[in-house]
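Data first, discussion second: the structure below is written as structure tokens.
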Amino acid sequence: MNRVVKKLGVIVGVDGDISQVGMYHLSNDAEYLWHGDVLQGAKIGAYLTILQNNVKIIASVVTEKVADQKNTIRSTEFDNRFSKNSINRIVHLKTKGVIENGEFQVTSQYVPMIGNEVCITSKKDLELIYGINKSEPTISIGKSILEGQVVPLSINKIFASHIGVFGNTGSGKSNTLHKLFLELFRSDYREKILELSKFYVIDFNGEYTKDDSFGITDINKKVFEINTKNQTTTKLPITSDYLFDSDILSILFGATSATQVPFLRKSLNIWKERKFNGESIAHFVVGTLKRILTTGNSASLDSKDNWISISERYIDNDLFDVLKSNLYYNYNTESYYTVVNGANKYIINPNTAIPDSEIKYLKIDEIEKALKEKFNLLSEFDKLKFHLEFQKVHQSAWKSTNIEHINPLFHRIENALNSLKKVVEVKESIDGDFSSLNIINLVHANQEITRLIPMLISKMVYDKQKEDIKRDDVTCTCHLIIDEAHNILNAQNHSVGDTWQDYRLNIFEEIIKEGRKFGFYLTLSSQRPADISPTILSQVHNYFIHRLVNDNDLRMLINTMPTLDKVSFNKIPSLGKGEVIITGNAIQVPVFVKVDKEEVIRPNSDDVILTKLWSRNDGKN
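Numbering (my numbering), first residue to last: 4 to 624.
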């Protein structure tokens, strides 16, 4: 049996999707107790129902005013103006959708008409508006602010999408991000989620490193503490293909585009093609020396000394006695010679192989053996440095590269590789190296590593997901969560080079455009959405918006969020702590929600209470 509805007024004017309601009574009751349910009255933001035959048009209150029916603006009888018996309450409604045949849908098929009556919206209809469907698997992170109605979020529509969580510091952004995935892991699908999906959290501030973060135990979780000051206990596994990529290393080393980037590209191409071991690289390196000695004046005269200088960093200096002190260059014959028993002896002729006797005399074979043994003992990073240093000599010896332009690069290479050694483990494969939930904590990383690691890990796991997924058959998913995403997705960061910026944005633009079809989903959290690339931000499907007050941030949102209406947008600066607007593909109309605050399992994001700190009595002076 249909319940009698509480009628509040009648439509007296229609202008597009805005309707005017003449209220039956001058009542401003915020709530009504109706058939045992507490329902919202005609206040800003509340839903009201417009009755039109068998269709219920759902609208929200946007403005209200009073109209004086007895006095005009020119009336001289001021004493009677706006008296109780002379005014009517006028409420303006914005159409949101319709309820027809027990379903809510956003459509323009039905429009309010003058004479349609307006009533309060029942709890049952609110459930339809908020998408409560018992057959649809959902989670909840809180209740609607006005109605106190639990707001369900479809697991499929939320987590099979790109998510954006935005809000100023202290607005509850971190709690919402954490709560969202905490409730996912608390769902009935927990076991299969941990089996078939992987989650990677890029944590710039160390907020999600607690033992119980996201409600996941150590069995299914790994925390990578990236620390460039001290030796990282759990190094981040990175495959050599990604780490030794020319674009990545050019960015890491801060290589200039004119000479240093081409040098690195050529060197790394040789590195990948040759797949050097100790024997092959020693042979290659010594081959450079032999060529320098046998190419006459085509090789720069300082190339021999440069070669020796680098070799001495790796092996015993005694092996270079003859090369350093008894090998000379004759400018007339354009050849190298030695002095034996006080007499000049030409031992090396241009374009002629060095005789074995002279190879022995110059200890070249011994040097090659020593370089081979040394190379095999080096770490992967030092092996790369070894190769690059000898490539510097190789490429500059015949003037294809100016060594003076290359030398400044190597100081940066030294520092960058030393940082990488502390935090990264080079692997041929990362199979089995990551858990279901992986927290990459960057709070103790230097600027270079903070820039590099998110880009490296994102591209690596994205490409691996593509490899694991057959076309049109997603058997597993990958979820990349980037907290404080403006640190890596800033489209206007002038402190870094254009090369880094372009490469980084290209990676993430590909992920956010193409990731869904491979089961790869991105979650971005930021207090500065205006700093994030508009291309990336516009591809987000579902938004959780906390308080934002900066004009640039607000303009960015209104320009990139098609599902955010003007009324909801205007409320963003006045949202309280923990209050959020949810809008996007997963929910039909923007919803204002008060997010539940976890008292135990929660991120390390609470504000410092200074008076509590200053009044602490712990025995310290």
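The beta-carbon is built from N, C-alpha and C at its ideal position, and this holds for glycine as well.
By the criterion of a C-beta distance shorter than 7 Å, methionine 564 is surrounded in its chain by Tyr546, Thr586, once the five residues flanking it on both sides are discounted. Between the stretch 277–284 and the stretch 367–378 there are three or more C-beta pairs closer than 8 Å, enough to call the two in contact. Apart from sequence neighbours up to five positions away, the residues of its chain that approach leucine 304 with a beta-carbon distance below 7 Å are Tyr332, ordered along the chain. Taking a 10 Å sphere around the C-beta of arginine 454, we find 16 or more other C-beta atoms and assign the residue as buried. The bridge partners DSSP lists for isoleucine 158 come to none.
Taking C-beta atoms as the reference points, serine 314 and serine 399 fail to come closer than 9 Å. By the neighbour-count criterion, in which 16 or more other beta carbons inside 10 Å mark a residue as buried, glutamine 542 falls on the buried side. Between isoleucine 370 and leucine 322, the CB-CB gap stays under 9 Å. The secondary-structure analysis by DSSP pairs serine 111 with nothing; it has no beta-bridge partner.
Judged by DSSP in its simplified three-state form, isoleucine 433 adopts coil rather than helix or strand. As the crow flies, the alpha-carbon of leucine 326 is around 56 Å from that of aspartate 486. For phenylalanine 384, same chain residues with a beta-carbon under 7 Å away, outside a window of 5 residues either side, are Leu420, Leu423, Lys424 in chain order. Counting only runs of 4+ residues, the alpha helix (DSSP H) found wholly inside the stretch 351–386 occupies 359–364, 367–380, in chain order.
Distance check between alanine 533 and each of His544, Ile47, Lys516, Leu551 places Leu551 closest, using alpha-carbon atoms only. At the C-beta level, isoleucine 132 and threonine 98 stay beyond 9 Å of one another. Taking tyrosine 211 as the centre and dropping the five residues before and after it, the same chain places the C-beta of Val204, Ile442, Pro606 closer than 6 Å to its C-beta, in chain order. When DSSP states are grouped into helix, strand and coil, histidine 482 belongs to the strand group. Proline 593 is bridged by DSSP to nothing; it lacks a bridge partner. At the C-beta level, valine 426 and lysine 238 come within 9 Å of one another. No residue range can be given for valine 477, since it is assigned to no beta strand (DSSP E) and is classified by DSSP as neither H nor E. With contacts defined by Cβ atoms closer than 9 Å, leucine 51 and leucine 11 form a contacting pair.
By the Cβ criterion, the stretch 218–232 is not in contact with the stretch 241–256, since fewer than three pairs of Cβ atoms, one from each stretch, lie closer than 8 Å. Apart from sequence neighbours up to five positions away, the residues of its chain that approach glutamine 468 with a beta-carbon distance below 7 Å are Cys481, Phe521, Gly522, Phe523, ordered along the chain. Runs of the alpha helix (DSSP H) lying entirely within the stretch 507–586, each at least 4 residues long, are 537–540, 554–563, 569–574 in chain order. In this structure, the alpha-carbon of valine 8 lies about 19 Å from that of isoleucine 117.
If the five residues before and after leucine 540 are omitted, its C-beta is found closer than 6 Å to the C-beta atoms of Thr563, all from its own chain and listed in chain order.
For proline 240, the enclosing beta strand (DSSP E) has its first and last residue at 239–242.
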